[in-house]
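Be aware that the sequence shown starts at 2, since it is given in this note's numbering, and climbs by one per residue.
Glycine included, every Cβ here is placed at the ideal spot set by N, Cα and C.
Bear in mind the structure is a predicted one, so any value in this text is a computation, not a measurement.
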Amino acid sequence: MLRVYKSAIAPLGNDKRKELLRIVPNEMWRGEIIDLLVGDSLELYQLLLDDKSKKDLHLLPLHGFKGDTIGEETWEEESWIVKAKLALDAGYTPDNIEDAIFSPISFREGNESDMWNRWIVRYDRLLSNSDSRIQKIGEIGKAKALKNFERALKEERREAIYGYD
């Protein structure tokens with residue numbers, strides 16, 4: 002179904018996307034639509050942040066990995082970081098943004114510890130940013146990812162010895 006949304010939204014220019022962002026209900030049940038509408042446009046993201054009636058949707062464009070290939074995920078460095086700074090400037094905290102980045106994973110290949118290791122590497126990239134607020138997002142996220150990485154390693158070791166439950 003997401004492909005249908007992508008196909009419908011991809012050819013739209015900024016003016017049409019602005020119209021849709023203005024009329025989309027705050028109770029949007031498909032957050033991916035907001036991410037698709039905003040895309041990499043800082044102008045559209047600022048428009049969304051400026052609409053206080055859509056507060057529940059503000060951080061959706063900061064969600065998750067943007068790369069499609071496992072192991073090649075990126076921050077889409079400049080676009081994502083600038084969007085994060087816009088959200089911080091709008092009053093969101095590094096904790097708010099880190100919470101928005103990560104959501105439960107519905108699909109993963111391989112060991113869970115490998116997935117968490119990719120998150121650790123990804124958050125490490127934020128630690129060298131010149132903006133201390135972006136660094137804080139990296140610190141918070143890396144700490145959570147490390148905790149989950151260690152838990153996953155223990156489970157994988159147990160499963161290797163005793164098998165699956």
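Distance, residue j Cα to residue i Cα
{"i": "Asp69", "j": "Leu43", "result": "The pLDDT assigned to Asp69 is 44, lower than 50, so where the model puts this residue is not dependable, and the model offers no usable value."}
{"i": "Tyr163", "j": "Ile138", "result": "37 Å"}
{"i": "Val83", "j": "Met29", "result": "24 Å"}
{"i": "Arg152", "j": "Glu160", "result": "12 Å"}
{"i": "Arg158", "j": "Tyr165", "result": "11 Å"}
{"i": "Trp81", "j": "Gln47", "result": "13 Å"}
{"i": "Arg126", "j": "Glu33", "result": "24 Å"}
{"i": "Asn130", "j": "Ala85", "result": "12 Å"}
{"i": "Asp96", "j": "Val122", "result": "19 Å"}
{"i": "Phe103", "j": "Leu58", "result": "15 Å"}
{"i": "Gly72", "j": "Asp90", "result": "Note that Gly72 has pLDDT 49, beneath the 50 cutoff, so the model's placement of it is unreliable and no number is given."}
{"i": "Pro26", "j": "Ser54", "result": "9 Å"}
{"i": "Trp117", "j": "Glu110", "result": "12 Å"}
{"i": "Gly65", "j": "Ala101", "result": "8 Å"}
{"i": "Ser107", "j": "Gly92", "result": "Here Ser107 scores only 47 on pLDDT, less than 50, and its place in the model should not be relied on; the value that follows carries that caveat. Cα-Cα distance, rounded: 30 Å."}
{"i": "Ala11", "j": "Ile135", "result": "29 Å"}
{"i": "Glu169", "j": "Ser8", "result": "The chain is shown only over 2 to 166; residue 169 falls outside these bounds and no answer can be derived."}
{"i": "Tyr6", "j": "Ile24", "result": "16 Å"}
Status (buried if at least 16 other CB within 10 Å, exposed otherwise) for residue i
{"i": "Glu20", "result": "exposed"}
{"i": "Ala144", "result": "exposed"}
{"i": "Leu3", "result": "exposed"}
{"i": "Arg31", "result": "exposed"}
Chain C within 8 Å of residue i, Cβ atoms only
{"i": "Asp125", "result": "No chain C is part of this structure, which consists of one protein chain only."}
Nearest candidate by alpha-carbon position, reference residue i, set the options
{"i": "Ala88", "options": "Arg123, Glu110, Asn15 and Asp52", "result": "Asp52"}
{"i": "Lys56", "options": "Ser80, Gly65, Leu22 and Asp41", "result": "Leu22"}
{"i": "Glu156", "options": "Arg123, Asp115, Ser133 and Tyr124", "result": "Asp115"}
{"i": "Asp16", "options": "Asn27, Leu38 and Arg31", "result": "Leu38"}
{"i": "Ser133", "options": "Gly65, Ile24, Leu3 and Thr94", "result": "Thr94"}
{"i": "Tyr124", "options": "Glu79, Gly142 and Arg4", "result": "Gly142"}
{"i": "Leu147", "options": "Gln136, Ile135 and Trp120", "result": "Trp120"}
{"i": "Glu79", "options": "Asp41, Leu45, Asn112 and Ile24", "result": "Asp41"}
Inter-residue CB distance, residue i and residue j (contact presumed, cutoff 8 Å)
{"i": "Leu61", "j": "Asp36", "result": "6 Å"}
{"i": "Leu63", "j": "Ile98", "result": "6 Å"}
{"i": "Glu140", "j": "Leu128", "result": "7 Å"}
Residue i, enclosing alpha helix (DSSP H) - first and last residue
{"i": "Val122", "result": "Glu113 to Leu128"}
{"i": "Tyr163", "result": "Ser133 to Tyr163"}
{"i": "Glu44", "result": "Leu43 to Asp51"}
{"i": "Glu20", "result": "Asn15 to Ile24"}
{"i": "Asp36", "result": "Gly32 to Val39"}
{"i": "Lys7", "result": "Leu3 to Ile10"}
{"i": "Glu99", "result": "Pro95 to Ile102"}
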